[in-house]
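Peer 1:
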Ligand code: SF4
Ligand code: MSK
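Residue numbers (this note's numbering): 8 to 632.
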């Protein structure tokens with residue numbers, strides 16, 4: 008993708024971003040957009056995925072003049088190996104997050120922590136029963152011990168399938184069995200991908216990619232799904248609530264503390280500490296009116312979904328939040344945290360705190376969170392934020408105004424409740440063509456695009472076509488800022504969707520959580536398929552990640568496709584140097600799993616493309632338009 012020097016207005020669609028980009032220029036702060044310019048043009052070998060660094064006989068670059076690497080690997084093998092490892096990075100990210108959730112749940116079950124508790128007992132017992140754990144007449148913690156064991160087993164090598172495979176519709180499972188892509192264990196599939204892609208191992212591009220599908224299914228139906236379910240058990244299953252988004256949620260007269268990253272294990276404790284009377288008293292002693300906690304990226308989604316904590320911004324807003332000059336401290340765990348935040352913080356008085364040994368940042372202070380010290384460490388971090396308030400230079404503070412209202416908290420449990428307790432009304436609405444289909448728009452920002460232009464316009468176009476939109480991850484903030492996450496947004500929807508969402512009192516774009524919560528969308532798809540008695544791939548569903556950047560987003564897209572959900576991406580991964588891999592992704596997979604990828608950078612054309620797919624699926628089910 009060729010990148011020109013962009014004006015501030017071309018960098019983002021949002022006024023809060025424009026205001027902070029202007030301030031960044033004045034303050035001499037470099038942002039991701041500046042560094043993208045420095046990095047452009049990108050290496051064409053890297054873009055095509057045809058540079059191999061897997062062994063020291065290379066690195067090898069494939070060209071007309073040199074079509075094979077030193078070992079004899081061709082472009083197809085090299086692209087497949089590179090992409091396999093790219094997907095492994097994403098699966099490892101989500102799933103290691105899931106493992107941390109298991110460790111917290113295990114610690115609770117075994118009485119090793121008082122900092123975490125089982126909040127949603129009903130959900131825990133329901134899942135225990137679903138996974139075959141005996142619940143009748145047993146102490147809650149005894150059930151929890153066995154359930155933690157079941158979750159751990161999904162990561163290992165002893166089982167033939169991961170625990171939640173029973174949620175997958177029968178027809179989909181059969182096709183996975185036939186293809187040999189039934190996920191066995193989360194760690195096993197990731198390890199096997201690293202093994203397969205070692206020099207001289209799996210040298211058949213299609214074979215490598217099929218394992219990629221299996222590994223990603225392990226992420227979607229186990230690593231991520233377990234992360235989501237345990238988070239609900241420990242911190243409560245989300246239900247609809249109001250919140251606010253954009254940089255206007257920061258407060259000029261309060262200590263501003265931002266949480267960034269992914270796992271609620273850290274951010275929930277920070278929230279509790281922020282609300283303690285002695286902390287509020289200390290903040291007042293230092294001259295602040297109070298302590299304002301706000302979220303960024305996915306940990307922001309987790310807190311917003313369950314607690315209504317405001318969201319300051321998505322991926323490309325993280326540097327700009329600090330540019331307000333009003334942030335005392337940013338506390339992070341892992342994933343999607345730009346290393347540049349340390350430097351941006353140094354331009355102001357903003358301190359950065361890391362909490363996970365696996366994600367330390369040079370220049371940041373480390374406050375390690377463990378299962379048995381979460382509350383103590385959270386208090387320490389909040390105190391550090393308060394101590395920095397007097398260091399704020401009011402002359403350098405500029406906070407954008409007018410945060411936007413949203414409604415969040417649509418877990419599947421909440422959605423079913425809104426539907427009256429069963430999925431049937433949604434199925435009926437789909438059959439009647441009032442809701443013609445549903446699309447999950449998920450994922451990130453990428454400075455190669457005008458920030459949030461595609462995320463917002465795709466959502467708007469789809470709801471106009473009577474297609475229900477579900478958002479997670481960084482698309483949430485985009486949809487929220489655009490005014491799409493409130494019931495009043497039905498005015499922008501087509502007549503059928505307007506009628507259904509209006510009757511239910513829900514927005515036409517519903518927020519279902521963070522990156523790992525895409526597992527909720529998988530579960531919803533499975534519920535719909537089981538209700539109709541078809542495979543997921545028969546349903547009028549699609550997924551989209553218009554502005555994606557991360558390995559995790561590619562993994563999500565791959566598990567969506569492998570689960571039978573057609574997936575649109577704004578730009579391809581670095582696979583275009585291989586005809587075999589590209590053709591498989593853009594078409595060949597359709598014959599194998601009933602879905603494939605589609606690429607389109609223009610959100611209006613993408614909406615038409617997705618619409619065509621939904622028409623096709625409706626026709627296949629014998630449903631009229
Ligand atoms: Fe080159 Fe083959 Fe080594 Fe890759 S594995 S760097 S293509 S020799
Ligand atoms: S945080 S993976 S930028 S959605 Fe989950 Fe946002 Fe994408 Fe990270």
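Beta carbons are placed, not taken as given, at the ideal position from N, Cα and C, and that holds for glycine.
Nearest to residue 364 by CA position, among 357, 374, 358, 370, is which residue?
Peer 2: For this step, residue 364 is matched to residue 357 along the chain shown. Selected option, being the one with the closest Cα: 374.
Peer 1: Are the beta-carbon atoms of residue 262 and residue 295 separated by less than 7 Å?
Peer 2: Sequence index remark: in the chain shown, residue 262 carries index 255 (1-based). Sequence index remark: in the chain shown, residue 295 carries index 288 (1-based). Yes, these two residues count as a Cβ contact at 7 Å.
Peer 1: DSSP on residue 342, reduced to helix/strand/coil?
Peer 2: Counting from 1 along the chain shown, the entry for residue 342 is found at position 335. Residue 342 falls in the coil class under three-state DSSP.
Peer 1: Here's the rule I'm using: 16 or more other beta-carbon atoms within 10 Å means buried, otherwise exposed. How should residue 286 be labelled?
Peer 2: The count along the chain shown starts at 1 and reaches residue 286 at position 279. Residue 286 is buried by the Cβ-count criterion.
Peer 1: In three-state terms, what does DSSP make of residue 58?
Peer 2: Within the chain shown, residue 58 is the residue found at index 51, counting from 1. Of the three classes helix, strand and coil, the one that applies to residue 58 here is strand, per DSSP.
Peer 1: Decide if the region 343-355 is in contact with the region 30-47; the criterion is three or more beta carbon pairs, one per stretch, under 8 Å apart.
Peer 2: Yes, the region 343-355 is in contact with the region 30-47.
Peer 1: Run through the DSSP bridge pairs and tell me what residue 467 is partnered with.
Peer 2: Within the chain shown, residue 467 is the residue found at index 460, counting from 1. Paired residues: none, contrary to the question.
Peer 1: Between the Cα of residue 623 and the Cα atoms of 359, 444, 450, which residue gives the shortest distance?
Peer 2: Counting from one through the chain shown, the residue named residue 623 turns up at place 616. That would be 444, whose Cα lies nearest to the Cα of residue 623.
Peer 1: Helix, strand or coil: which one does DSSP assign to residue 500?
Peer 2: As a working note, residue 500 is residue 493 in the chain shown. Three-state DSSP puts residue 500 in coil, outside helix and strand.
Peer 1: Figure out for me which residue from 215, 597, 232 has the closest Cα to the Cα of residue 106.
Peer 2: Along the chain shown, read from residue 1 onward, the residue named residue 106 stands at position 99. Of 215, 597, 232, the residue nearest in Cα terms is 232.
Peer 1: If you follow the alpha helix (DSSP H) that residue 80 is part of, which residue opens it and which one closes it?
Peer 2: Translated into positions along the chain shown, residue 80 becomes position 73. Careful: residue 80 lies outside any alpha helix (DSSP H) and carries neither H nor E.
Peer 1: Just to confirm, is the Cβ distance from residue 559 to residue 104 under 7 Å?
Peer 2: Reading the chain shown from its first residue, position 552 is the one you call residue 559. Reading the chain shown from its first residue, position 97 is the one you call residue 104. No. Outside cutoff.
Peer 1: Kindly identify the DSSP beta-bridge partner or partners of residue 380.
Peer 2: For the purposes of this step, residue 380 is identified with residue 373 of the chain shown, where counting begins at 1. DSSP, once it has assigned bridges, lists no residue as partnering residue 380.
Peer 1: Three or more beta-carbon pairs under 8 Å between the region 170-177 and the region 518-538, yes or no?
Peer 2: Contact holds between the region 170-177 and the region 518-538, because three or more Cβ pairs, one in each stretch, are under 8 Å apart.
Peer 1: In whole angstroms, what separates the C-alpha of residue 643 from that of residue 206?
Peer 2: Nothing about residue 643 can be reported from this structure: the residues present for the chain run from 8 to 632 only.
Peer 1: In chain order, what residues place their C-beta within less than 5 Å of a heavy atom belonging to ligand 1?
Peer 2: Taking each Cβ in turn, the ones that pass are 59, 61, 62, 64, 65, 67, 76, 77, 78, 80, 206.
Peer 1: Reducing DSSP to helix, strand and coil, say where residue 604 ends up.
Peer 2: If you number the chain shown from 1, residue 604 lands on position 597. Looking at residue 604 - three-state DSSP - the assignment turns out to be strand.
Peer 1: Leaving out the 5 sequence neighbours to the left and right, which residues in its chain are closer than 6 Å to residue 87 when beta-carbon positions are compared?
Peer 2: Translated into the one-based positions of the chain shown, residue 87 becomes position 80. The residues are 212, 215, 216, 588.
Peer 1: In whole angstroms, give me the CA-to-CA distance for residue 552 and residue 284.
Peer 2: As a first step, residue 552 must be located in the chain shown, where it is residue number 545. As a first step, residue 284 must be located in the chain shown, where it is residue number 277. Approximately 42 Å between the Cα atoms of the pair.
Peer 1: Can you give me the C-alpha to C-alpha distance between residue 335 and residue 395, rounded to a whole angstrom?
Peer 2: As a working note, residue 335 is residue 328 in the chain shown. As a working note, residue 395 is residue 388 in the chain shown. Their backbone Cα atoms lie some 6 Å apart in a straight line.
Peer 1: Using the Cα positions of residue 322 and residue 304, report the straight-line distance between them to the nearest angstrom.
Peer 2: Here residue 322 is taken as the residue at index 315 of the chain shown, counted from 1. Here residue 304 is taken as the residue at index 297 of the chain shown, counted from 1. Near 6 Å, if we compare the C-alpha coordinates of residue 304 and residue 322.
Peer 1: Might you give, ordered along the chain, the residues of its own chain that have their beta carbon closer than 6 Å to the beta carbon of residue 489, omitting 5 neighbours on each side?
Peer 2: What you label residue 489 is simply residue 482 of the chain shown in a count that begins at 1. Closer than 6 Å at the Cβ level, and outside the excluded window around residue 489, lie 463.
Peer 1: I want to check one thing, is the minimum distance from the CB of residue 19 to the heavy atoms of ligand 3 below 6 Å?
Peer 2: No copy of ligand 3 appears in this structure; the ligands present are ligand 1 and ligand 2.
Peer 1: Would residue 625 be called buried (16 or more neighbouring beta carbons within 10 Å of its own) or exposed?
Peer 2: The residue given as residue 625 occupies position 618 in the chain shown. Label assigned to residue 625: buried.
Peer 1: Can you round the beta-carbon distance between residue 382 and residue 276 to whole angstroms, since I take them to be within the 8 Å contact cut?
Peer 2: Along the chain shown, read from residue 1 onward, the residue named residue 382 stands at position 375. Along the chain shown, read from residue 1 onward, the residue named residue 276 stands at position 269. With a Cβ gap of about 6 Å, residue 382 and residue 276 count as contacting.
Peer 1: Would the beta-carbon of residue 595 fall within 7 Å of that of residue 575?
Peer 2: In the chain shown, counting from the first residue as 1, residue 595 sits at position 588. In the chain shown, counting from the first residue as 1, residue 575 sits at position 568. In this structure, residue 595 lies away from residue 575, with their beta-carbon atoms at least 7 Å apart.
Peer 1: Three Cβ pairs or more, each shorter than 8 Å: is that satisfied between the region 502-515 and the region 430-447?
Peer 2: yes
Peer 1: What would DSSP say about residue 633, mapped onto helix, strand or coil?
Peer 2: This structure cannot settle anything about residue 633, because the visible part of the chain is limited to 8 through 632.
Peer 1: What residues in its chain sit with their C-beta under 8 Å from that of residue 247, if we drop five residues either side in the sequence?
Peer 2: The residue given as residue 247 occupies position 240 in the chain shown. If we look at residue 247 and ignore the five residues flanking it on each side, its Cβ neighbours are 414, 415, 416, 417, 421, 425, 513.
Peer 1: So the candidates are 98, 330, 272; which of them puts its Cα closest to the Cα of residue 220?
Peer 2: Counting from one through the chain shown, the residue named residue 220 turns up at place 213. The candidate whose alpha carbon is nearest that of residue 220 is 98.
Peer 1: Buried or exposed, going by whether 16 or more other CB atoms sit within 10 Å of the CB of residue 299?
Peer 2: Translated into positions along the chain shown, residue 299 becomes position 292. Residue 299 is buried by the Cβ-count criterion.
Peer 1: Taking the alpha carbon of residue 376 as the reference point, which residue from 274, 21, 16 has its own alpha carbon closest?
Peer 2: Position 369 of the chain shown, counted from the first residue, corresponds to residue 376. If we check each option's Cα against that of residue 376, 274 comes out closest.
Peer 1: Note down the Cα distance separating residue 45 from residue 458, rounded to an integer number of angstroms.
Peer 2: Position 38 of the chain shown holds residue 45. Position 451 of the chain shown holds residue 458. Each residue's Cα considered, the two are about 18 Å apart.
Peer 1: Out of 50, 570, 521, state which residue places its alpha-carbon closest to the alpha-carbon of residue 181.
Peer 2: Within the chain shown, the letter at position 174 stands for residue 181. Of the candidates 50, 570, 521, the one whose C-alpha sits nearest the C-alpha of residue 181 is 570.
Peer 1: With 7 Å set as the bound, which would you pick, yes or no: does the beta-carbon of residue 147 sit closer than that to a beta-carbon of chain C?
Peer 2: Of the protein chains in this structure there is only one, and it is not chain C.
Peer 1: Per DSSP, which residues does residue 479 bridge with? Please list them.
Peer 2: Mapped onto the chain shown, residue 479 falls at position 472. DSSP lists 520 as partners of residue 479.
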